[in-house]
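The structure under discussion appears below in the form of structure tokens.
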Amino acid sequence: MNKLPLKHRFDIPANMIYLDGNSLGPLPRGVPERVQRMLTAEWGHHLIKGWNVDQWMAQPQRVGDQIARLIGASEGSISVGDTLSVKIFQALSAALKMRPDRNVLLSDHGNFPTDLYMAEGLIRQIDKAYELRLVSPEDVASSITSDVAVVMLTHVDYRTGRLHDMQSMTDAAHSKGAVMLWDLAHSAGAVPVDLQSCNAEMAAGCTYKYLNGGPGAPAFIYARPDLVADMEPALSGWLGHDEPFAFELNYRPAPDIERMRIGTPPVIQLAALEEALSVWDDVSMHDIRKASIDLCDLFISEVEAHCPELSLVSPRDGSQRGSQVSFAYEHGFAAMQALIAHNVIGDFRAPDIMRFGFTPLYIDETDVRAAVAILSDILSKRLWDKPEFHKRGRVT
Ligand SMILES: *Cc1c(COP(=O)(O)O)cnc(C)c1O
């Protein structure tokens, strides 16, 4: 195993301190060459033969196995494709079908909006009185009543970094007969996850955050191997069919996770992701976690020492936190724009949260101290108070 950080594996602009890998990971070296090869040698020269000779059709599974190792899933239990919003829809509908006599879908206020929107949309499609019930994160376990079909939670809160305990929450869901669905968007590549031992039925996550697959990189979905053969795919596309090239008139799902595939895979994007994931061959999630907690702890103590204007909204205890730290500040939007203008990249989440992701693959203590020095300067001199830092773009 290599020592962290592995800065040489990433192409990050000189003088930039990138604290937004929780939103979009940076470009791993080797990806441009891999994509170029895919374009010219595979697509360009092989054309349609590429589906077989370059094994494009097997890519969603092959890349799924690379991700499986990082989240404690067994080989062949993950498929990659589509967006996380779509994967959440698929997982949720399959989970609801597993408990036909129950009608509540339980989640928390800390969940990411798209997960909740997809749940709302799914419920509207079903001709049955389903309810999406939202409670506070700390009240989820005690709210799993006998009418709850599915508990759907995001492991790491995207805003605050608060972490749910996967094992005890999954146990709580199972003890009440509910299906557990985990969203691992801010977990895969950030914190150790052991899907097999926690025994959750379903999970999904994205690959453009801590897994550095690039903007729009496809999502992944996990289904417990002992249950997948009975899961009903709501989006029954031809590539989830047992024999897509038999071109049968009726849908017959593949016996395994392949049934969660829908249509043609994004081959170029998968090539980028496959290459990006090779970084993980050389590091252990245990080392990543340890370094991440150290970096986050250091950031918190430095900010509290030098930036009295900010107040911590993330858990102080590293074991209760993902790989990000958030501070509230009433001028947070403008302060973040000023910080970005000074080449320290974090992001802003409404209403007043400045969010910083720490990825030990390419961030070290020197970066943390330098980032806080710049932040402190911006705050104490009110450098954020300029018209250009108050203008809001389409993406924050
Ligand atoms: C980032 C994120 C998403 C994004 O969904 P897309 O469909 O990939 O845009 C969904 N859910 C959570 C919890 C996220 O953090």
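Read left to right, the sequence shown gives residues 1372 to 1767 (our numbering).
Idealized CB from N, CA, C, for every residue including glycine.
Per-residue DSSP class, three states only, for residue i
i: residue 1652; result: helix
i: residue 1349; result: One cannot answer for residue 1349 here, as it falls past the ends of the chain, which runs 1372 to 1767.
i: residue 1427; result: coil
i: residue 1745; result: helix
i: residue 1683; result: strand
i: residue 1666; result: helix
i: residue 1765; result: coil
i: residue 1440; result: helix
i: residue 1636; result: coil
i: residue 1506; result: strand
i: residue 1484; result: helix
i: residue 1569; result: helix
i: residue 1602; result: coil
i: residue 1456; result: helix
i: residue 1539; result: helix
i: residue 1607; result: coil
i: residue 1738; result: helix
i: residue 1498; result: coil
i: residue 1702; result: coil
i: residue 1556; result: coil
i: residue 1585; result: coil
i: residue 1516; result: coil
i: residue 1580; result: coil
i: residue 1641; result: helix
Any non-hydrogen atom of ligand 2 within 6 Å of residue i CB
i: residue 1453; result: With respect to ligand 2, the structure offers nothing, as its ligand set consists of ligand 1.
Residues sharing a beta bridge with residue i, DSSP
i: residue 1695; result: 1728
i: residue 1382; result: 1398
i: residue 1593; result: 1449 and 1574
i: residue 1324; result: Because the chain in this structure spans residues 1372 to 1767, residue 1324 falls outside the shown range and cannot be described.
i: residue 1521; result: 1476 and 1550
i: residue 1388; result: 1715
i: residue 1564; result: Its beta-bridge partners do not exist; DSSP assigns none.
i: residue 1624; result: 1612
i: residue 1527; result: 1534
Test item: CB-CB of residue i and residue j under 7 Å
i: residue 1456; j: residue 1489; result: yes
i: residue 1521; j: residue 1479; result: no
i: residue 1760; j: residue 1709; result: yes
i: residue 1555; j: residue 1587; result: no
i: residue 1665; j: residue 1391; result: no
i: residue 1402; j: residue 1561; result: no
i: residue 1602; j: residue 1412; result: no
i: residue 1733; j: residue 1376; result: yes
i: residue 1528; j: residue 1452; result: no
i: residue 1417; j: residue 1424; result: yes
i: residue 1743; j: residue 1674; result: yes
i: residue 1558; j: residue 1526; result: yes
i: residue 1393; j: residue 1714; result: no
i: residue 1395; j: residue 1579; result: yes
i: residue 1638; j: residue 1427; result: yes
i: residue 1537; j: residue 1544; result: no
Residue from the options whose Cα sits closest to the Cα of residue i
i: residue 1503; options: 1509, 1467, 1610 and 1646; result: 1467
i: residue 1400; options: 1381, 1624, 1702 and 1425; result: 1381
i: residue 1653; options: 1441, 1421 and 1627; result: 1441
i: residue 1640; options: 1580, 1584, 1543 and 1485; result: 1584
i: residue 1547; options: 1406, 1473 and 1704; result: 1473
i: residue 1680; options: 1518, 1544 and 1747; result: 1747
i: residue 1431; options: 1406, 1628, 1485 and 1499; result: 1628
i: residue 1702; options: 1725, 1448, 1568 and 1687; result: 1725
i: residue 1597; options: 1444, 1659 and 1667; result: 1444
i: residue 1712; options: 1749, 1410 and 1700; result: 1749
i: residue 1379; options: 1723, 1606 and 1650; result: 1650
i: residue 1648; options: 1668, 1434, 1621 and 1427; result: 1434
i: residue 1716; options: 1700, 1745, 1723 and 1426; result: 1745
i: residue 1721; options: 1626, 1699, 1551 and 1498; result: 1699
i: residue 1723; options: 1682, 1753 and 1752; result: 1682
i: residue 1690; options: 1677, 1668, 1676 and 1374; result: 1668
i: residue 1567; options: 1541, 1581 and 1582; result: 1541
Same chain only: Cβ atoms within 8 Å of residue i, ignoring 5 sequence neighbours per side
i: residue 1446; result: 1436 and 1439
i: residue 1494; result: 1476, 1501, 1502 and 1503
i: residue 1549; result: 1470, 1473, 1477, 1515, 1519, 1520, 1521 and 1522
i: residue 1657; result: 1563
i: residue 1623; result: 1612, 1613 and 1614
6 Å Cβ shell around residue i - same chain, five flanking residues per side excluded
i: residue 1705; result: 1755, 1760 and 1761
i: residue 1738; result: 1388
i: residue 1663; result: 1694, 1729 and 1731
i: residue 1685; result: 1531, 1532, 1692, 1696 and 1697
i: residue 1511; result: 1479
i: residue 1458; result: 1575, 1590 and 1592
i: residue 1454; result: 1590
i: residue 1608; result: 1633 and 1634
Close Cβ partners of residue i (< 7 Å) along its chain, the five nearest in sequence each way excluded
i: residue 1631; result: 1450, 1461, 1592, 1594, 1604 and 1611
i: residue 1741; result: 1388
i: residue 1414; result: 1421
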